[in-house]
Amino acid sequence: MPIVNTANAEQHAVLDPRLLGRPVHLLPQFAVRLQDDLEALMQGSARRYWAGWRLEIVEFGRAPQLENLRWMAATGLLGTVSVAFDRGLLLTLLERRYGGRGAGATQQGQKERQGERVTATEDRLSVVLTQQMIDVLYGRVAVSTAMEVAPQPVPANAVATATMPGATNWAVRVGVRDAADVAGEFWIAPDQALMATILGSLRPEQPRPRAARGPSEPLATKLQVKLDGRLVSKEITLGALFDLKVGDVIPVSMGRADVLLDEARLFTAAVAESKGKLCLTSFEDAE
Numbered sequence: 037m038p039i040v041n042t043a044n045a046e047q048h049a050v051l052d053p054r055l056l057g058r059p060v061h062l063l064p065q066f067a068v069r070l071q072d073d074l075e076a077l078m079q080g081s082a083r084r085y086w087a088g089w090r091l092e093i094v095e096f097g098r099a100p101q102l103e104n105l106r107w108m109a110a111t112g113l114l115g116t117v118s119v120a121f122d123r124g125l126l127l128t129l130l131e132r133r134y135g136g137r138g139a140g141a142t143q144q145g146q147k148e149r150q151g152e153r154v155t156a157t158e159d160r161l162s163v164v165l166t167q168q169m170i171d172v173l174y175g176r177v178a179v180s181t182a183m184e185v186a187p188q189p190v191p192a193n194a195v196a197t198a199t200m201p202g203a204t205n206w207a208v209r210v211g212v213r214d215a216a217d218v219a220g221e222f223w224i225a226p227d228q229a230l231m232a233t234i235l236g237s238l239r240p241e242q243p244r245p246r247a248a249r250g251p252s253e254p255l256a257t258k259l260q261v262k263l264d265g266r267l268v269s270k271e272i273t274l275g276a277l278f279d280l281k282v283g284d285v286i287p288v289s290m291g292r293a294d295v296l297l298d299e300a301r302l303f304t305a306a307v308a309e310s311k312g313k314l315c316l317t318s319f320e321d322a323e
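Mapping of the sequence shown onto the numbering used here: position 216 corresponds to residue 252, and the numbering continues sequentially without gaps.
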């Protein structure tokens, strides 16, 4: 009997039950639109921080479980968003903003950078950048969900230090690079409620249910027409009509009724009574 070496056995992808039925395959579309928004921010109102940088990648994934990341978060109308910047990138932005060594800041060793104390200036920059990223994400969600009123910008006093999101939380990873080939990255992590809103906005429209169609029938059996039955007809003079008073009785004889289609006489039919109702029966073609 052959023995299977489990160490060399083919590895199969394991389905995550949390993703079943959710349009995660459409998240790259949201990421592309978010990238456009980030580029507009970096080239517009936030250019003084991001001048010379270009976006390399914007993609959804799981929140990184790195102890050296410092997370900041704010809670708004749409939910809580946590943001973390690579320390080297943050210090490079800081030093370039205030004219320091920054040209090679992110190229220094991570251990060396992590040992530096967080200054008040770095903390303020982190708050400002966190505000920017949360506002961009809120704006994109508002457009995707067709909100009538755009969310208000996040105030600086709403941003605070936060705990690291869980390993199962979603996060948008943003990679940037400058002309000197200095690279950095940061993460934007919406909470579960906001992530559900994002996924809900990506759900394709459901096709309208169609009425069940039965087997094909001849046109003669499917075409609906309205028939009128004329039970009684009697000719009288105009003078006799004017002489009629309430309570007068007009003698008539009940014969076969005429069956009309748009005033055209098609059939004649006998008039019969059934359960208190007058019915037409014994149809014959009209001459």
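Backbone N, C-alpha and C fix where the C-beta goes; we use that ideal spot for every residue, glycine too. Computed from a predicted model, the values in this text were never measured in an experiment.
In the three-state reduction of the DSSP assignment, Ser-180 falls in the helix class, which pools H, G and I.
For Thr-317, the enclosing beta strand (DSSP E) covers residues 313 to 321. Relative to the Cα of Glu-299, the nearest Cα in the group Pro-287, Ala-178, Asp-264, Gln-228 belongs to Asp-264.
Excluding sequence positions up to five before and after Arg-301, its CB lies within less than 8 Å of the CB of Asp-294, Val-295, Ala-322, all in the same chain and listed in chain order.
In this structure, the CA atom of Val-164 is about 10 Å from the CA atom of Ile-170. Under the three-state reduction of DSSP output, Pro-59 falls in the coil class, being neither helix nor strand. Taken atom to atom, the span from the alpha-carbon of Leu-267 to that of Asp-284 is near 20 Å.
In this structure, the straight-line span from the alpha carbon of Ser-237 to that of Glu-158 is close to 36 Å. Relative to the Cα of Leu-63, the nearest Cα in the group Gly-112, Val-208, Arg-160 belongs to Val-208. The DSSP-derived three-state label of Leu-114 is coil. Judged by DSSP in its simplified three-state form, Ala-198 adopts coil rather than helix or strand. Under the 8 Å Cβ criterion, the stretch 106 to 123 counts as touching the stretch 223 to 236, having at least three qualifying pairs. Secondary structure note for Glu-131: its alpha helix (DSSP H) is the uninterrupted segment 123 to 133. By the neighbour-count criterion, in which 16 or more other beta carbons inside 10 Å mark a residue as buried, Thr-199 falls on the exposed side.
Annotated three-state conformation of Arg-292 is coil, per DSSP.
Taking the CA atoms as reference points, Gln-65 sits about 17 Å from Arg-98. Bounds of the beta strand (DSSP E) holding Thr-304 are 300 to 310. Counting the other Cβ atoms within 10 Å of the Cβ of Gly-124 gives 16 or more, which makes it buried.
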